[in-house]
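Down below is the structure, laid out as structure tokens.
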Amino acid sequence: MSEGETPIAAAVPPAEVPPLVRVSDLRKVFDVSASALERMMSGAPRRLVTAVDHVTFEIGRGETFALVGESGSGKSTVARMVVGLLERSAGRVTIDGTAVDDPATPRAERQALRRKIQMIFQDPYASLNPRWTVGRIVAEPVVTFGVLTDSRAIERRVGELLALVGLAPADRVKYPHQFSGGQRQRIAIARALSAEPAFIVCDEPTSALDVSVQAQILNLMADLQDRLGLTYLFISHNLAVVRHMADRIGVLYLGRLVEVRPARALFDDPRHPYTRMLIEAVPDLEAPSVVRDPARGEIPNPIDPPTGCHFHPRCPHVVERCRREVPALLDGVACHRVADGSI
Amino acid sequence: MTDSVLSVRDLVIEFATRRGPLRAIDGISFDIAKGEVLGVVGESGAGKSLTGTAVIGLVEPPGRIASGEIRLAGRRIDNLPRDEMRKVRGKQIGMIFQDPLTSLDPLMKIGDQLIETIRTHAAMTWAQARDRAVFLLEEVGIPAAAERLMAHPHEFSGGMRQRVVIALALAAGPDVVVADEPTTALDVSVQAQIIALLRRLTRDHGMAVMLITHDMGVIAQIADRVAVMYAGRIVEIGPVREVIGRPHHPYTAGLMGSIPSLRSDHARLRQIPGSMPRLDAIPQGCAFNPRCDRVLDRCRVERPQLASFDRTAAACFDPILGHDAEVRA
Amino acid sequence: MAETPDPDAGFAAAILRRFAAIAESHLLYSFTRSWVVMIAAVFAVTIIAAALAAQWIAPTNPLDLASLDLMDSRLPPAWMEGGDPRFLIGTDDQGRDLLSALLYGAQMSIGISLAAVGVAILLGVTLGLISGYFGGLFDTLIMRAADVQLTFPAILTALLVNGAARALLGDQRLQGGEFWVLVVSIGLAFWVQYARTVRASTLQERHRDYVQAARLIGVPSWKILTGHVLPNVLGPVTVIATINLALAIITEATLSFLGVGLPPSHPSLGTLVRVGNDFLMSGEWWIVFFPGVVLAGLALAVNILGDWLREALNPKLR
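Given below as structure tokens:
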């Protein structure tokens, strides 16, 4: 990570190197209506929720891009669409210029592409099959992609991977329940790395862990990125963690990106009123006695989101235009007031 | 600590298992004075919630209070019969839990729940109790309180629900409020509102608050003093500024160092190796010794007791003192 | 999972591991705490072991018609007046040694019940897995079929299947195939419970992250089902299977008693009770009494074991 040196340069990938991951106009609409039969009986209309709306971003090679947001922001939905676990309603995801699930792409190429993408999940108690040994869990991608077929070679590879994440190679004969939460997340990381991916989507990888263990995992992830040149899409609700890990950050509010900027710039000079409110709201260990103005209101129900700019009912700078028009993302900020220079 | 409202002395809680009793809380003592907020912080397995459960008298078998005592306003409450304790709980001790839905009856209007609670603990007519309910809801910042009395819990947002729970906890004018992770389930922006509310209420009502949380940030915002727990013991206790700014116990220092900060750019976080021991494998001597970078031979055999350094007390044979206390660069 | 090199991937190994875990777990502990469960276990194990060893321990072979002597018919137990020391618990109307008939009959009943429960598990677990994992129209069809079947008592389903098989095949061709007709008709009566339980667990498991992680790398669905989901939904199946075994024993007996089961020449507990029933009024009580006691005792013991298993395995009751 080049954090601390030239954050701006790291944040904007140099023009000659194309980004590794390109996500454009990503959209997800969930149908949350009652069953067809019940709708017919009660005459209720279909209810659709737009969980993710026109989300566009790029991630450069070796970069960590973070999506941060509160509940209902759609950050996990984006993650699951990017890796292909969830069908997209609209939009495009390309890795290395190739669309991940485009039927036009040859099957072999799609499989090769799949190998480059991995995911680390939030809950290490749910992401490891409780009835499998650690060795079998870690080896599953290796076996599935046919990277290695000789059982000796697989065993050796599993041992190396476990050592890489700070566990003992002999741990491969144990079961997940024999490990603590932090150790399980290490196993999940070893598994994610086993087929040598280029791009890892991390969905709240430390939010189920205690802080001292969280530090271990965050440090490990940063080390692995340095050693293996990994690219991360980092999903989190924790601003301090995001600040620590990310080169660039996208702030999501009710399914829309409201601000996308380099990490240092975003925290030093937040521009969107929501980003400001969010950063203000984080309890500060260093200056705890400062009485601050607590944030206003709560996140509206995504089934019935506000018109125009989704943030307008909570925004201290709201004007009439905000209630009607959806602001476009200009210079990394989606706000009418920022765009016309009034805040 | 003569003016302490809640006083816990040498509390030991054990769980009966077929391999013998496991000690989950191992001799902890603390006091909370009127109008004071004591933060109890620790990682999962430290025993902080169990301590809270003991204070409200809800330790269930196979767990039991093996020794020690808990006093509320001078009166011993750890050995009260169930019915007596139920009266104490609610009237003298208010409770706020992480999930507001555990404290609210989903089928009852919140007005009825409030009024019922108020009338259980105070001789009031229905009309008086209703006025008090409206007052309490206004107090916790619920707009249009009189109309909201008729609403059911599901009609409130998460933050508003937690406000209702706080109003319920305050209903009988308790001496002590035990709040177990009251903001953990909430979004950051809502959490800040609840923190501000709790801070104002403790100041205005002068209750003693025991605030249990894993989040040092929340503690820093509300608490006056903080007790840091590790493996069923208090390893450090003192004024919040002191403990955060100049931790004496290596665990506290490690904990503080491992929290990512919004301000500083550290390439790496300080990390404590290993994890909290399981109850059946608590190391001999100082429970933290296998993870400690300052460990002495003595730490492996002898258990350190809390000893005072400046205004805080830490249970450590080789505490961080003076110049080497600068853990946060 | 053929190409998975891991040595302990095999199902047999998994079962062995399971037993190893049971040996040192809560299960054994709770077992030794209840004398009712202990007695039930001893009783069930004795009966089942004796039944399985019938060929070796029975004094005579009741299937060998040539060895029967009508002069020996309806002899009371050996300790009663008129009893014969060769026939410990007496003989039936054809002069068969009742003890031998009982052992062979119990073997037949237990065999049919085990096979029937096997059929029910195979059918129910497969349908439940597919229903739960894929959902959609197939799921709706299977579950409606299950609902309809649940409105019939198991015995009625078994009677229907049995009748249908007889009608289709004819009594002649059925000759010797009665065993399998019974197995299939009882199996079909019991699959619903497995399908529902497995479907419910599958619905939960398929959303868990380890299944998602496997989907992510393109593990085929059948492999996810057999390798990931199946081992994690089998827990409740063991419990239902035990309780079902008791029900299957009774169902077999009922069918045989009603005369749609095995022919009297091939004794099962049910046919023995049916035969004995005819002589109950004439004072030869032993012909019905001993098979009846074994039947009731076995069913009760297995049922108690099933209940205990359910409680011991249920984390909520621990």
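Protein chains in written order, with numbering that gives the first Met the number 0: chain E, 0 to 342; chain R, 0 to 328; chain Y, 0 to 317.
Beta carbons are placed, not taken as given, at the ideal position from N, Cα and C, and that holds for glycine.
I want to verify the contact list: residues of chain Y whose CB lies under 7 angstroms from the CB of residue i, in sequence order.
i	result
L84 of chain E	Q211, R214, L215
Roughly how far, in whole angstroms, is the beta-carbon of residue i from the beta-carbon of residue j, given that I think they are within contact range, below 8 angstroms?
i	j	result
L127 of chain E	R183 of chain E	6 angstroms
A188 of chain Y	T250 of chain Y	7 angstroms
P301 of chain E	G71 of chain E	5 angstroms
V228 of chain Y	L128 of chain Y	6 angstroms
R26 of chain E	G90 of chain E	5 angstroms
Is residue i close to chain R? Criterion is C-beta to C-beta, closer than 9 angstroms.
i	result
D202 of chain E	no
Q213 of chain E	yes
V352 of chain E	With chain E represented from 0 up to 342, any question about residue 352 of chain E goes unanswered, as that position is not in the structure.
V48 of chain E	no
C334 of chain E	no
L328 of chain E	no
D303 of chain E	no
Hey, does residue i have any beta-carbon neighbour from chain E nearer than 9 angstroms?
i	result
M215 of chain R	yes
M209 of chain R	no
E42 of chain R	yes
D138 of chain Y	no
V218 of chain Y	yes
N231 of chain Y	yes
M228 of chain R	no
Identify the contact partners of residue i in chain E, using a Cβ-Cβ distance below 7 angstroms as the criterion.
i	result
H227 of chain Y	N128
D208 of chain Y	F120, D122, A125, S126
Once DSSP output is grouped into helix, strand and coil, what is the label at residue i?
i	result
Q270 of chain R	coil
K33 of chain R	coil
A327 of chain E	coil
Q117 of chain E	strand
D138 of chain Y	helix
D179 of chain R	strand
M209 of chain R	strand
V137 of chain E	helix
A239 of chain E	helix
L167 of chain Y	helix
Y124 of chain E	coil
T104 of chain E	coil
A343 of chain R	Beyond the ends of chain R as shown, which are 0 and 328, falls residue 343 of chain R; an answer cannot be given.
H53 of chain E	strand
E251 of chain Y	helix
T156 of chain Y	helix
E137 of chain R	helix
C334 of chain E	coil
A150 of chain R	coil
P6 of chain E	Confidence is the limiting factor: at P6 of chain E the pLDDT is only 42, short of 50, which leaves the residue's position unreliable, though a coordinate-based value still follows. Reduced to three states, the DSSP call for P6 of chain E is helix.
Using beta carbons (cut-off 9 angstroms, strictly below), is residue i in contact with chain Y?
i	result
M40 of chain E	no
E348 of chain E	Residue 348 of chain E lies beyond the stretch modelled for chain E, which goes from 0 to 342, so this question has no answer here.
A194 of chain E	yes
T143 of chain E	yes
P140 of chain E	yes
R190 of chain E	yes
I58 of chain E	no
E2 of chain E	No answer about E2 of chain E holds up, because its pLDDT of 40 lies below 50 and its placement is not dependable.
Who does residue i pair with in a DSSP beta bridge?
i	result
P238 of chain R	R:R224
R232 of chain R	R:Y229
I225 of chain Y	Note on residue identity: the sequence assigns Thr, not Ile, to residue 225 of chain Y. Bridge partners of T225 of chain Y: none, in fact.
Y321 of chain Y	Summary: the structure shown does not reach residue 321 of chain Y, with chain Y confined to residues 0 through 317, and so no result is reported for it.
F29 of chain E	E:V48
G93 of chain R	R:V176
Whose Cβ in chain E lies nearer than 9 angstroms to the Cβ of residue i?
i	result
V292 of chain Y	Going along chain E, no residue has its Cβ under 9 angstroms from V292 of chain Y, so there is no contact; the nearest lies around 41 angstroms.
Less than 8 angstroms between the CB of residue i and some heavy atom of the ligand SAM, yes or no?
i	result
F151 of chain Y	You won't find the ligand SAM in this model; it holds no ligand whatsoever.
Residue i versus chain Y: which residues are under 9 angstroms apart at the beta carbon?
i	result
R113 of chain E	L215, I216, G217
What does residue i touch in chain R if you count any residue whose Cβ is under 9 angstroms from its own?
i	result
V99 of chain E	Going along chain R, no residue has its Cβ under 9 angstroms from V99 of chain E, so there is no contact; the nearest lies around 31 angstroms.
Strictly below 7 angstroms CB to CB, what residues from chain R border residue i?
i	result
G181 of chain E	S274
Starting from the beta carbon of residue i, find every residue of chain R whose beta carbon is closer than 8 angstroms, and list them in chain order.
i	result
M276 of chain E	S188
Pull out every residue of the stretch 248–271 of chain E whose Cβ sits closer than 7 angstroms to any Cβ of chain B, in chain order.
Note that chain B does not occur in the displayed structure, where the protein chains are E, R and Y.
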